[in-house]
Amino acid sequence: LQKARVDEVELPMLDAAEEMDEDDEENVEDSQASESATRSSSRTRSSNSQSATQESTVTYSEHFSQREDSKVAKDRKEAGKVDFSNMDEDLKIRRSASEEEKLRKKFESKISKLTQEIEGIAPNMKASDAFDTMTEKVKETVDGFNTTKEEGRKANEVFNKVRKARSHKFNTAFKKIDAALKIIYTDMTKSSKHPLGGNAYLSLDDSDEPYRGGMKFNAMPPMKRFRDMEQLSGGEKTMAALSLLFAIHSYRPAPFFIMDEVDAALDNVNVLKVCNYIRQRSDDFQCIVISLKDMFYERSESLVGICRDVSSSASHSMTLDLTKFDRKPGRGGEKRANEDGENEAEADPPKRPRTIAAGAE
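If you want it as structure tokens, here you go:
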């Protein structure tokens, strides 16, 4: 039995069943060796002399005492527990003393190298504290994330609520303005030749989410086919724009209007239509019109004129209240006879709209 440094090298061990088998095999080998030694000693006593018999007896006693040695039995028992099945085949071959010495030095060098590598690994003694600190930071981060997530959920609910309210208000205003636009445009474009007037309407690119898309405004003048707004004439565009303006005003009335030469592209017929519409709405708002058309002057309450003073090289304004020149009912009205000889008072003048016409300089 070769002596092995079992206390330094951790060797693979057999399980309990294999250990018992090894012990049984060891007992069988011991009994066979004892019987063989007994037969050998008896033959030696019968064939040799008394001195040879004493020598054989001494040898047998020494061999028997070696097997009974507790250290040898312990080493044999420990060696029997080693599992050599995973050992390389070249290491199981018996070698000479020099080869074994080289192999032993090789293993010792490898063990020394691995030991140095293990000793060179400097463990971080503060790793536990750093782990605890990072764990606390992770916990705080998770708590902050959950809090922020809850706040985001609440903000999302508020946003959805505001978006629904905004869409509801927009759609309500859009429907009312669209309905008013159709009526106003028809009133402003109808005439004796075209009693039905024109047609105008609004449309959304995205009715579900109106703020994601745009809005289209289409107008069809009387007796004309559908076409884009860019293809309409200047007067037709003006009538459509004024109709949309008055439709928006019908939803959220403003105190007064200021129109700067909106009649520049209109002919007399369309100017008269605009004047008539403003006269109809004269009780709802006051309108200030900057115009150069006499038709607006005749149907306004007062005039504001701007002129240049050549001597002072400055501009001056002049005002004229036309309501002073209206005939009052029952006063100053001359009676005239009709064909039947009956006298009747002259008809009262039509009501003037609350309009201020200003002439450009």
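Every number in the numbering used here is 35 more than the matching position in the sequence shown, counting from 1. Beta carbons are placed, not taken as given, at the ideal position from N, Cα and C, and that holds for glycine. The model shown is predicted, which means the values in this text are computed figures rather than measured ones.
(1) Ends of the beta strand (DSSP E) at Met353?
(2) Pull up the distance between the alpha-carbon of Val197 and that of Tyr246, whole angstroms please.
(3) Which residue from Tyr332, Ala300, Ser105 puts its Cα closest to that of Ala276?
(4) Specify the secondary structure class of Arg129 as computed by DSSP and reduced to three states.
(5) Leaving out five residues before and five after Ala162 in sequence, what residues of the same chain have Cβ atoms less than 7 Å from its Cβ?
(6) Out of Tyr312, Lys174, Phe205, point me to the one whose CA is closest to Phe281's CA.
(7) Is the Cβ of Ala299 closer than 8 Å to any Cβ of chain B?
(8) Under a three-way DSSP split, which group does Asp344 fall into?
(9) Could you check how far apart the C-beta atoms of Leu307 and Met330 are, in whole angstroms? I think they sit under 8 Å.
(10) Mind checking which residues open and close the alpha helix (DSSP H) that includes Tyr332?
(11) Just the Cα atoms here: how many angstroms apart are Gly155 and Thr182?
(12) Under a three-way DSSP split, which group does Asp302 fall into?
(13) Tell me which residues share the same chain as Lys272 and place their Cβ nearer than 7 Å to its Cβ, disregarding the 5 neighbours each side in the sequence.
(14) For the beta strand (DSSP E) that contains Tyr236, what are its first and last residues?
(15) Taking DSSP's pairing of strands, which residues face Lys251 in a bridge?
(16) With a cut-off of 8 Å, do at least 3 Cβ pairs link the stretch 219-238 to the stretch 164-182?
(17) How many Å lie between Thr221 and Thr358 at the Cα?
Once the coordinates are examined:
(1) For this step, residue 353 is matched to residue 318 along the sequence shown. Counting along the chain, the beta strand (DSSP E) containing Met353 begins and ends at 349-356.
(2) Translated into the one-based positions of the sequence shown, residue 197 becomes position 162. Translated into the one-based positions of the sequence shown, residue 246 becomes position 211. Rounded to the nearest angstrom, the two C-alpha atoms are 13 Å apart.
(3) For the purposes of this step, residue 276 is taken as residue 241 along the sequence shown, with counting starting at 1. Comparing Cα-Cα distances from Ala276 to each of Tyr332, Ala300, Ser105, the minimum goes to Ala300.
(4) Taking the first residue of the sequence shown as position 1, residue 129 is located at position 94. Of the three classes helix, strand and coil, the one that applies to Arg129 here is coil, per DSSP.
(5) If you number the sequence shown from 1, residue 162 lands on position 127. Closer than 7 Å at Cβ, skipping near neighbours: no residue.
(6) On the sequence shown, residue 281 is found 246 positions in, with the first residue counted as 1. The shortest C-alpha separation from Phe281 is found at Tyr312.
(7) Going by chain labels, chain B is absent from the structure shown, which holds only one protein chain.
(8) Numbered from 1 along the sequence shown, position 309 holds the residue referred to as residue 344. Strand.
(9) Position 272 of the sequence shown, counting from 1, holds the residue named residue 307. Position 295 of the sequence shown, counting from 1, holds the residue named residue 330. Indeed they touch by this definition, with Cβ atoms about 6 Å apart.
(10) Start at 1 with the first residue of the sequence shown, and residue 332 comes out as number 297. Tyr332 -> alpha helix (DSSP H) spans 329-333.
(11) Along the sequence shown, one-based indexing puts residue 155 at 120. Along the sequence shown, one-based indexing puts residue 182 at 147. Taking the straight line joining both Cα atoms gives about 46 Å.
(12) Along the sequence shown, one-based indexing puts residue 302 at 267. If DSSP states are grouped into helix, strand and coil, Asp302 belongs with coil.
(13) For the purposes of this step, residue 272 is taken as the residue at position 237 of the sequence shown. Excluding sequence neighbours, Lys272 sits near Met264.
(14) Along the sequence shown, read from residue 1 onward, the residue named residue 236 stands at position 201. That run of the beta strand (DSSP E) goes 234-239.
(15) Here the question's residue 251 lines up with position 216 in the sequence shown. In the DSSP output, where bridge partners are listed per residue, Lys251 has Ser238.
(16) no
(17) Numbered from its first residue, the sequence shown carries residue 221 at position 186. Numbered from its first residue, the sequence shown carries residue 358 at position 323. So the two alpha carbons sit approximately 31 Å from each other.
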